[in-house]
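In case it helps, the numbering used here puts the sequence shown at residues 1 to 185.
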Amino acid sequence: MFLRRQFLAGSVLLLAGGARAAVDHWAELRSGRAVMLLRHALAPGTGDPPGFRIGACETQRNLSDEGRAQAGRIGDLFRDNGVSAAAVYSSQWCRCLDTAEGLALGDVTEQPLLNSFFGNREDGEAQTQALAAWMATLPTSGPVVLVTHQVNITGLTGIVPASGELLFVTPGAATPLPVIGRLTS
């Protein structure tokens, strides 16, 4: 009993001394205090072919079979961490929409602010600021997942994510957004 009290007293002193527990990024997502940024799953290549058109998947770079399977595994990862449903927003590019649907977390809403500016880098800063401002208005009542592109995530956070990488961020109008967790799938 004496050792137990000593351990508890030492723990209180350690906490009082400024030590902090690691942030549970999944709990932050579940509560709505964090938002998930997800780079679309594997889609071989870079950019889009000439003649690209939104809404015409045959003109775009699309998910590979491995990318579709990866999206399903990412959805399983969410469920394994207590997220069975979420508000899911996606870029209008087919590879993002297919990733978002593959998560199987609920209806997917297209959000043009999540569209890639890879081919129009001069639009990047304004679009990034508009996206960050929009993110600051998202409801904080539960999990939110944003499926987008590398350039968008890099603009928001300064991080260059891999395909299918997940970043837990604290939304706000100022960039770079604070990243509280990061997972590769």
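Where a beta carbon is used, it is the ideal one built from N, C-alpha and C, also for glycine. Quick caveat: nothing in here was measured; it's all calculated off a predicted structure.
| Query | Result |
| --- | --- |
| Would you decide whether Thr83 is buried or exposed? Buried here means 16 or more other CB atoms lie within 10 Å of its CB. | Rather than Thr, the amino acid found at residue 83 in this sequence is Val. Buried: at least 16 other Cβ atoms inside 10 Å. |
| Which stretch, first to last residue, makes up the beta strand (DSSP E) that contains Gly181? | 179-183 |
| Provide the residue span of the alpha helix (DSSP H) that contains Arg73, from first to last. | 65-80 |
| What is the C-beta distance between Glu66 and Leu42, in whole angstroms, given that I count them as a contact (C-beta under 8 Å)? | 5 Å |
| Kindly give me the distance between the Cβ atoms of Val108 and His40, rounded to whole angstroms, as I take these residues to be in contact under 8 Å. | 12 Å between Cβ atoms; not a contact. |
| Just to confirm, is the Cβ distance from Gly47 to Phe118 under 8 Å? | yes |
| Measure the C-alpha to C-alpha separation of Val160 and Gly172 and round it to an integer number of angstroms. | 19 Å |
| Work out the CA separation of Val179 and Arg33 for me, nearest whole Å. | 12 Å |
| Once the 5 residues before and after Arg53 are set aside, which same chain residues still bring their CB inside 6 Å of it? | Thr59 |
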